[in-house]
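Asker: Everything in the sequence shown is counted per numbering that gives the first Met the number 0, starting at 0 for the first residue and increasing by one. Glycine included, every Cβ here is placed at the ideal spot set by N, Cα and C. Once you've had a glance at the structure underneath, I'll fire off some questions.
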Amino acid sequence: MFDALTDKLQAVFRRLGGRGTISEKDLDEALREVRLALLEADVHFQVVRQFVQRVRERALGARVHRSLSPAQQVVDIVHQELKELLGGGHSRLEMARTPPTTVMLVGLKGSGKTTTAAKLALHLRRQGQRPLLVAADPYRVAAAEQLQALGRQ
Numbered sequence: 000m001f002d003a004l005t006d007k008l009q010a011v012f013r014r015l016g017g018r019g020t021i022s023e024k025d026l027d028e029a030l031r032e033v034r035l036a037l038l039e040a041d042v043h044f045q046v047v048r049q050f051v052q053r054v055r056e057r058a059l060g061a062r063v064h065r066s067l068s069p070a071q072q073v074v075d076i077v078h079q080e081l082k083e084l085l086g087g088g089h090s091r092l093e094m095a096r097t098p099p100t101t102v103m104l105v106g107l108k109g110s111g112k113t114t115t116a117a118k119l120a121l122h123l124r125r126q127g128q129r130p131l132l133v134a135a136d137p138y139r140v141a142a143a144e145q146l147q148a149l150g151r152q
């Protein structure tokens with residue numbers, strides 16, 4: 000799901016990147032493609048509408064930095080707005096006062112939950128914690144084996 004969205008956004012940015020200047024028409028066309036990519040990725044239409052509106056307002060009202068082309072500026076604005084849409088900054092994982100701390104990962108099939116669990120376990124190990132990975136999906140037989148293999152890495 001995220002790979003398809005990434006590919007579509009990168010295609011839009013590549014087309015923009017070849018231009019020295021960006022007209023309002025170019026911006027509208029690019030934002031239309033961004034809107035379609037987000038909607039195809041099942042982002043709620045109101046979120047998409049607000050996102051595109053914020054990007055458009057910022058892009059039209061922005062001063063172009065000397066070190067960036069107008070196309071690069073638009074890409075930067077989209078990147079900043081996507082980060083803001085996804086929660087802005089970093090947040091810490093709150094550990095329970097008395098162990099164990101339970102973390103449940105939930106998401107669509109193929110969205111990277113197992114890989115994220117392994118990465119989170121590695122991060123916690125580096126912080127001196129002792130994570131235990133548990134596969135709790137009764138419908139995916141290979142989940143435990145995949146989790147075990149990723150946990151060893």
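Would you mind working out which of 72, 81, 128 sits nearest residue 97, comparing C-alpha positions?
Answerer: Closest by alpha carbon: 128.
Asker: Just the Cα atoms here: how many angstroms apart are residue 41 and residue 47?
Answerer: Those two C-alpha atoms are separated by around 10 angstroms.
Asker: With distances taken from CA atoms, which of 33, 25, 23, 15 is nearest residue 158?
Answerer: Limits of the chain in this structure are 0 at one end and 152 at the other, which puts residue 158 out of reach.
Asker: When every heavy atom of the ligand ZN is checked, does at least one fall within less than 7 angstroms of the C-beta of residue 99?
Answerer: With respect to small molecules bound, the structure shown includes none, and the ligand ZN cannot be examined in it.
Asker: Assuming the contact rule is C-beta atoms closer than 8 angstroms, residue 58 and residue 26 should be a hit. Round their C-beta distance to whole Å, please.
Answerer: The Cβ separation is near 6 angstroms, so the contact holds.
Asker: So what does DSSP say about residue 137, is it helix, strand or coil?
Answerer: Three-state result, residue 137: coil.
Asker: For residue 69, does the count of other Cβ atoms within 10 angstroms reach 16, so buried, or fall short, so exposed?
Answerer: Result: buried.
Asker: With a 10 Å radius around its C-beta and 16 neighbouring C-beta atoms as the bar for buried, classify residue 73 as buried or exposed.
Answerer: With 16 or more Cβ atoms within 10 Å of its Cβ, residue 73 is classed as buried.
Asker: Residue 54 by DSSP, collapsed to three states: which one?
Answerer: Residue state, collapsed to three classes: helix.
Asker: Would you report the Cα separation of residue 114 and residue 149, rounded to the nearest angstrom?
Answerer: Approximately 7 angstroms between the Cα atoms of the pair.
Asker: Figure out for me which residue from 93, 142, 31 has the closest Cα to the Cα of residue 10.
Answerer: Answer by Cα proximity: 31.
Asker: Where does the unbroken alpha helix (DSSP H) through residue 78 begin, and where does it stop?
Answerer: Here the alpha helix (DSSP H) through residue 78 covers 69–84.
Asker: Going by DSSP in three states, residue 107 sits in which element: helix, strand or coil?
Answerer: Here residue 107 sits in coil by DSSP.
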